[in-house]
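S.K.: Submitted below is the structure of interest, expressed as structure tokens.
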Amino acid sequence: MPRTVRPPRAHDDAGPRAGASPASGGRASGSSTKMDRAVYVLGLAIFAQGTSELMLAGLLPEMASDLGVSVPDAGLLISAFAIGMLVGAPVLAVLTLRWPHRRALLAFLGFFALTHVAGALTPGYWVLFATRVAGAFVYAGFWAVAAVVAVGLVPPGARGKAMGIVAGGLTLATIVGLPAGTVIGQHLGWRAAFWTVAALSAAAMAGVAATIRGGRREGPPPRVRDELRALAGVRVWLAYATTSLATGALLVIFSYLGAMLTRTTGLPERWVPAVLALYGIGALIGITVGGRTADAHAGATLYAGIGGLVAVSAALALTAGSPVPVVVLVFLLGACGFATNPVLNTQVFALADAPTLAAAGNVSAFNIGITVGPWLGGLALGAGTGYAATAWIGAGLGLAALGTAALGRTLTPSFRETGRAA
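Quick note on the numbering used here: the sequence shown kicks off at 382 and runs consecutively.
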């Protein structure tokens, strides 16, 4: 029998503001569709931090030379960030559970900026390694709290759109932040790129301080025991499994895409950045469309996105040696892979009345996919199967994601991001 799941409480920083009526769920008066500007600020904060997550991919040779280490050792700085992300969300969700959200967001951003100042100043590899872990740790915490704040600022029927905007900050970091960070690092040194991220994070702090209301929480403070109990249901864990599998399906291909384009498809190296930019454009289109359809058509968005990812992955595996179809498929890979993001980010809020830990678990689920997908691809390449095998692995993980999504919706046939679940 359908039951109503309460949306996350509109606490001190996610409640109605001046000029908004309680009935509007915190939206500006006189507009049923206007998105709260704080949601865009959160998206820009994710852009600032996501740029740091991505930009090392273009700076490894310079960093290795300056730090006196090998390029593979410099590459471990990327793994360090992944470790911090994986652990940070649930740990910080528990430690800051009773904090006002505004305080938590500002603390996370401030510490993130300081880790980049320290990273820019250090002459040593291991200190930089530690700052990468610590920065990612609080970045994960920011993601979890930002998700709770974003869905609390809008009515239930606009959660998918709100999370599309927040997560779109990472897509923007892929399209703009990654190449910009690479250019800054190549011309001014990799430390200048770290200073730039620190400055962007400080600007994001100013935006959060200006748009997210502070003050005391409304109602009784949440308890860790209650939030953990709310996560015990199998439907929540099926949602997490879908998130991990769908993310792994995309990342196992994307992680080795540049190498596949040159070594299997036969594209000249000078064309690789343009093709990757096409992937980014597809991702931006996908997350925009997904954000607009996730609330009213959650199931269709999820199935279409993951199903499209499976089809594109299989097509890539079959045509990996042909440049024209591969270029088209790379664009579709970005579009399908990111179209599901708003649903994956919001479905747990309708399944668990534990918004902070639910969001934290979902951040970890994304990072499990980010970690496991490339690892599986590396195993396949190490076995000599060729780059097309990564696309077949992506197709297999996508099929598994379709299975967990279908099982979850069988258990919750009326599930929608409007806040209803069976």
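The beta-carbon is built from N, C-alpha and C at its ideal position, and this holds for glycine as well.
Helix or strand or just coil, what does DSSP make of Ser-582?
M.R.: Ser-582: helix per DSSP, three-state reduction.
S.K.: For Ala-426, which option in Thr-552, Gly-715, Thr-512 has the closest C-alpha, if you only look at C-alpha atoms?
M.R.: Of Thr-552, Gly-715, Thr-512, the residue nearest in Cα terms is Thr-552.
S.K.: Report all residues from its chain with a CB closer than 7 Å to the CB of Thr-414; omit the five preceding and five following residues, and keep chain order.
M.R.: In this prediction, Thr-414 scores a pLDDT of 42, lower than 50, which makes its location untrustworthy; the coordinate-derived value is nonetheless stated afterwards. Answer for Thr-414: no residue qualifies.
S.K.: In terms of residue numbering, what span does the alpha helix (DSSP H) encompassing Val-535 cover?
M.R.: Neither: Val-535 is in no alpha helix (DSSP H) and is coded neither H nor E.
S.K.: If you reduce the DSSP assignment to three classes, tell me which class Thr-700 lands in.
M.R.: Three-state DSSP puts Thr-700 in a helix.
S.K.: Might you give, ordered along the chain, the residues of its own chain that have their beta carbon closer than 6 Å to the beta carbon of Phe-712, omitting 5 neighbours on each side?
M.R.: Once the five neighbours on either side are set aside, the close Cβ partners of Phe-712 are Leu-659, Gly-663.
S.K.: Beta carbon of Ile-546, beta carbon of Gly-672: below 8 Å?
M.R.: Result yes, Cβ atoms of Ile-546 and Gly-672 sit closer than 8 Å.
S.K.: Distance check for Gly-449 and Val-532, CA to CA, integer angstroms please.
M.R.: Those two C-alpha atoms are separated by around 45 Å.
S.K.: Report the three-state DSSP secondary structure of Leu-360 (helix, strand or coil).
M.R.: This structure cannot settle anything about residue 360, because the visible part of the chain is limited to 382 through 803.
S.K.: Which residue spans inside the stretch 623 to 651 form an unbroken beta strand (DSSP E) run of at least 3?
M.R.: Here no run is fully enclosed.
S.K.: Once you ignore the five residues that flank Phe-747 on each side, which residues in its own chain have a CB closer than 7 Å to its CB?
M.R.: Thr-624, Thr-628, listed in sequence order.
S.K.: Measure the C-alpha to C-alpha separation of Arg-594 and Leu-760 and round it to an integer number of angstroms.
M.R.: The straight-line gap from Cα to Cα measures roughly 48 Å.
S.K.: How would you write the range of the alpha helix (DSSP H) that Val-670 sits in, first residue to last?
M.R.: Val-670 -> alpha helix (DSSP H) spans 653 to 674.
S.K.: Skipping 5 residues on each side, what residues in its chain have a beta carbon closer than 6 Å to that of Arg-473?
M.R.: The amino acid at residue 473 is misidentified as Arg; the sequence shows Leu. Gly-522.
S.K.: Distance, Cα to Cα, Ala-584 vs Ser-433?
M.R.: Going from the Cα of Ala-584 to the Cα of Ser-433 covers about 15 Å.
S.K.: Going along the chain, which residues of its own chain have a beta-carbon closer than 7 Å to the beta-carbon of Val-633, five neighbours each way excluded?
M.R.: So the qualifying residues of the chain are Gly-754, Pro-755, Leu-757, Gly-758, Thr-771, Ile-774, Gly-775, Leu-778.
S.K.: Could you compute how far the alpha carbon of His-482 sits from the alpha carbon of Leu-638?
M.R.: Each residue's alpha carbon lies about 38 Å from the other.
S.K.: By the 10 Å Cβ neighbour count, where 16 or more other Cβ atoms means buried, how is His-497 classified, buried or exposed?
M.R.: Under this definition His-497 is a buried residue.
S.K.: If you reduce the DSSP assignment to three classes, tell me which class Thr-682 lands in.
M.R.: Thr-682: helix per DSSP, three-state reduction.
S.K.: Going along the chain, which residues of its own chain have a beta-carbon closer than 7 Å to the beta-carbon of Ala-404, five neighbours each way excluded?
M.R.: With a pLDDT of only 30 at Ala-404, under 50, the local geometry of the prediction cannot be trusted, and the value read off the model is given with reservation. Hits under 7 Å: none found.
S.K.: Can you list, in chain order, the residues of its chain whose CB lies under 7 Å from that of Val-670, leaving out five sequence neighbours each side?
M.R.: Answer for Val-670: Ala-720, listed in chain order.
S.K.: What are the boundary residues of the alpha helix (DSSP H) that includes Gly-765?
M.R.: No alpha helix (DSSP H) holds Gly-765; DSSP gives it neither H nor E.
S.K.: CA-CA distance, Ala-781 and Leu-626?
M.R.: Approximately 7 Å, taken between the alpha carbons.
S.K.: Output the boundary residues of the alpha helix (DSSP H) element that contains Pro-560.
M.R.: Start and end: 559 to 569.
S.K.: Would you tell me roughly how many angstroms separate the C-alpha atoms of Ala-739 and Leu-648, rounded to the nearest one?
M.R.: So the two alpha carbons sit approximately 43 Å from each other.
S.K.: Cα-Cα, which of Gly-718, Arg-790, Val-656 is closest to Gly-667?
M.R.: Comparing Cα positions, the closest option is Gly-718.
S.K.: Among Val-653, Val-422, Tyr-768, Gly-465, which one has its Cα closest to the Cα of Ile-749?
M.R.: Of the listed residues, the one whose Cα sits closest to Ile-749 is Gly-465.
S.K.: Can you grab the Cα-Cα spacing for the pair Asn-722 / Val-508, in whole Å?
M.R.: The straight-line gap from Cα to Cα measures roughly 34 Å.
S.K.: Using the three-state DSSP reduction, which class does Ala-517 fall into: helix, strand or coil?
M.R.: Note: Ala-517 maps to helix in three-state DSSP.
S.K.: Let me make sure I understand the geometry here. Which of Pro-706, Tyr-506, Leu-440, Thr-752 has the alpha-carbon closest to that of Gly-570?
M.R.: Looking at the Cα atoms, Leu-440 is the closest of the given residues.
S.K.: Please name the residue, chosen from Ala-485, Ser-703, Gly-715, Ala-677, that lies closest to Ala-692 on a Cα-to-Cα basis.
M.R.: Among Ala-485, Ser-703, Gly-715, Ala-677, the Cα nearest to that of Ala-692 is on Gly-715.
S.K.: Could you name the residues of the same chain whose beta carbon sits closer than 7 Å to that of Val-468, not counting the 5 residues immediately before and after it, in chain order?
M.R.: Counting only Cβ-Cβ distances below 7 Å, and skipping sequence neighbours, we find Phe-518.
S.K.: Roughly how many angstroms lie between the CA atoms of Gly-686 and Leu-725, to the nearest whole one?
M.R.: Their backbone Cα atoms lie some 11 Å apart in a straight line.
S.K.: Count the other CB atoms, across all protein chains shown, that sit within 10 Å of the CB of Pro-504; report buried if there are 16 or more and exposed otherwise.
M.R.: By the 10 Å Cβ count, Pro-504 comes out exposed.
S.K.: What does the Cβ neighbour count give for Thr-563, buried or exposed, with the cut at 16 atoms within 10 Å?
M.R.: Buried, by the Cβ-count rule.
S.K.: Hey, Ala-630 and Thr-785 are a contact pair by Cβ (cut 8 Å); roughly how many whole angstroms apart?
M.R.: About 12 Å separates the two Cβ atoms, so there is no contact after all.
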